[in-house]
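Read the structure below first, then the notes.
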Amino acid sequence: MTIIFKEETFHDDFTFRNSPEAVKRFPFPFPEDSYMYSVNLEPHKSYRPGSVYERTFDVDEHYVSEMRDRARVLAEDPLRCQSLPHMTLAGWDLLELIMASKALEYPELFELHRDGARWHWINRPLGIEQKFTFLDETTLPYGPMEYITRQTQGDFAVLDQRDENLWMDAGMVTTQADWSLDFDIGMNFFEWHAPVPKAHEMGIFQRALKFLLNIQQGSPARRLNWTMTVNPLLDTSPENYHKWGVMKKDLTLENMGQMMHLRVELQTFFRLPRSNALVFPIRCYLIKLDELVTVPKWARRFHRVIRDLPIELATYKGFVTNRPKIVEWLSRYDDGAPTSPGIWAD
1 MTIIFKEETF
11 HDDFTFRNSP
21 EAVKRFPFPF
31 PEDSYMYSVN
41 LEPHKSYRPG
51 SVYERTFDVD
61 EHYVSEMRDR
71 ARVLAEDPLR
81 CQSLPHMTLA
91 GWDLLELIMA
101 SKALEYPELF
111 ELHRDGARWH
121 WINRPLGIEQ
131 KFTFLDETTL
141 PYGPMEYITR
151 QTQGDFAVLD
161 QRDENLWMDA
171 GMVTTQADWS
181 LDFDIGMNFF
191 EWHAPVPKAH
201 EMGIFQRALK
211 FLLNIQQGSP
221 ARRLNWTMTV
231 NPLLDTSPEN
241 YHKWGVMKKD
251 LTLENMGQMM
261 HLRVELQTFF
271 RLPRSNALVF
281 PIRCYLIKLD
291 ELVTVPKWAR
301 RFHRVIRDLP
311 IELATYKGFV
321 TNRPKIVEWL
331 SRYDDGAPTS
341 PGIWAD
C-alpha cells in the first residue's frame with residue numbers, strides 16, 4: 001500500500017482537499033434517505049479492502065498534515081491533552097495497542113521492535129525513532145498517551161470504568177465537534193452526553209452504556225457520527241468558537257460547495273488489557289460538498305437527510321440557520337431517483 005502524504009492546512013488559508021481516491025473511501029454515514037439517532041454499534045472488524053474500515057487505525061493521505069495541526073493546537077492550548085493520575089497505565093495500554101497495530105498493518109510506515117521492556121519505535125512519515133522502556137515514563141518525551149496520540153489521527157477519550165459507569169478521565173482532543181475535554185474531564189457517560197437532544201428520551205444512551213460496559217478485550221466496536229463544518233476545520237472546539245463560529249455568516253449559495261463540509265466521525269471502542277479502561281478513538285473525516293456530490297447517490301441522499309432532519313438535531317449540530325441555503329444548493333443534485341440501500345456508492 002502506497003500513501004502519498006499531502007501538504008495541506010486546516011486553518012487560515014485552508015488548503016485541505018481530498019484526492020479522488022480519498023473521496024471514494026470517505027465514510028458516508030447514511031444507509032438510508034433519513035436520519036435519527038441510534039446506537040448503531042457494530043464489531044470493529046476488517047471490512048472492504050481499501051476502505052476506512054480495513055485497519056485498526058486508519059492512516060490516509062492527510063496523516064502528516066493532521067499531525068502538524070495537532071502539534072499547533074497543543075502549542076496554543078496544552079489542556080487539550082489531559083490525564084488524571086490513575087490513568088497512566090491506561091496510557092501505556094493505548095500506546096501498545098496503537099504501536100502494535102500500526103507496525104502490523106502498515107509495515108512500510110511503522111516498525112516496533114520489542115526486547116522485553118526495551119522497545120524501539122520507528123515512525124517513518126513523521127521521521128521519529130524512539131528507544132524507550134515500556135512502563136517507564138522517564139524514557140519518553142511525553143506521557144505514554146500523549147506521546148502516541150501526537151502520532152495518531154483522531155481524538156482519544158480514555159474512559160475509566162467504575163460504579164457501573166464510564167468516566168472521561170484522560171484524553172487527547174484537538175479535532176472535536178464543539179465539545180471540550182477541559183470541561184468534560186472527570187465527568188461520567190451521562191454527564192458529558194447531557195447536551196444531546198432526543199437521544200436521552202429515546203433511551204439511546206442507556207442502551208449504549210450497557211453495550212460499552214460489556215466490551216471485551218479483543219472485541220472492539222465502532223459506529224459513525226456526523227455533523228457539518230464551515231471550512232475544513234479540524235479544531236472546532238468551544239475554546240475557539242470566537243474564531244470559527246463567525247465563519248458560518250460567510251456561507252452563500254455561490255461558495256457553498258467549497259466552504260461547507262460534511263464532518264464524519266469514525267468512533268471505535270477498545271477494552272485495554274492491564275487497566276481495564278475503555279479507549280474511545282474519534283477519527284474525523286472531512287469532505288466538501290463539491291467533492292461529495294461527485295457521487296450521485298450520496299448527493300441525492302444527503303439532500304433528503306438535511307431537508308427532513310428534525311429541527312432539534314439541525315440546531316444541535318449547529319447548521320440550522322444555514323439549512324435553507326444548504327438544502328437549496330443540494331437540491332440541484334437530487335433528481336428524485338430512488339437510492340439503493342447502504343452507504344456505498346452505486
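Under full-length UniProt numbering, the residue at position 334 of the sequence shown is numbered 334, and the numbers go up by one with no gaps. Here a beta-carbon is modelled for each residue, glycine too, at the ideal position from N, C-alpha and C.
C-beta contact flag for residue i and residue j at 8 angstroms
i	j	result
Val264	Lys248	no
Leu266	Pro107	no
Ala71	Arg162	no
Arg283	Val39	no
Trp167	Gly154	no
Leu262	Leu292	yes
Arg301	Tyr333	no
Gly171	Gly91	no
Trp121	Met99	yes
Met256	Leu286	no
Asn165	Phe189	yes
Gln217	Pro273	yes
Lys317	Thr227	yes
Leu74	Thr174	yes
Leu253	Glu328	yes
Ser51	Asp308	no
Pro29	Ile343	yes
Per DSSP, cross-strand counterpart(s) of residue i
i	result
Asn255	DSSP, once it has assigned bridges, lists no residue as partnering Asn255.
Gln267	Arg223 and Ile282
His261	Thr229 and Lys288
Val158	Ala170 and Val279
Ala177	Thr236
Glu42	Arg222
Asn165	Arg162
Asn188	Trp167
Per-residue DSSP class, three states only, for residue i
i	result
Glu54	coil
Ala345	coil
Tyr285	strand
Glu8	coil
Trp244	helix
Leu212	helix
Ala194	coil
Glu21	helix
Arg207	helix
Phe26	coil
Met145	helix
Phe183	helix
Asp33	coil
Asp250	helix
Distance, residue j Cα to residue i Cα
i	j	result
Met36	Ile306	11 angstroms
Pro49	Asp160	33 angstroms
His11	Gly116	43 angstroms
Pro43	Lys102	19 angstroms
Leu109	Asp58	12 angstroms
Pro31	Glu66	28 angstroms
Asp169	Thr339	43 angstroms
Met260	Leu212	33 angstroms
residue 353	Leu140	As displayed, the chain neither begins before 1 nor continues past 346, which places residue 353 out of reach and without an answer.
Phe280	Pro20	29 angstroms
Gly245	Asp235	12 angstroms
Glu129	Gln258	38 angstroms
Asp60	Arg118	29 angstroms
Gly336	Asn225	26 angstroms
Phe270	His86	18 angstroms
Tyr147	Glu7	23 angstroms
Tyr63	Thr152	8 angstroms
Ala177	Asp184	14 angstroms
Lys45	Pro341	21 angstroms
Lys297	Glu76	41 angstroms
Lys24	Val295	8 angstroms
Phe16	Arg68	13 angstroms
Glu239	Ala22	30 angstroms
Leu209	Ser219	16 angstroms
Thr56	Asp182	27 angstroms
Asn322	Leu330	12 angstroms
Glu54	Glu105	10 angstroms
Asn123	Ser83	24 angstroms
Arg222	Val158	15 angstroms
Pro125	Phe5	8 angstroms
Arg304	Phe205	26 angstroms
Exercise. Can you list the beta strand (DSSP E) stretches of 3 or more residues lying completely in the region 60-138, in chain order?
Worked result: 81-83, 110-115, 118-123 and 128-133
For this session: Note down, one range per segment and in chain order, each alpha helix (DSSP H) of at least 4 residues found wholly within the region 284-342.
Result: 289-292, 296-308, 311-316 and 323-331
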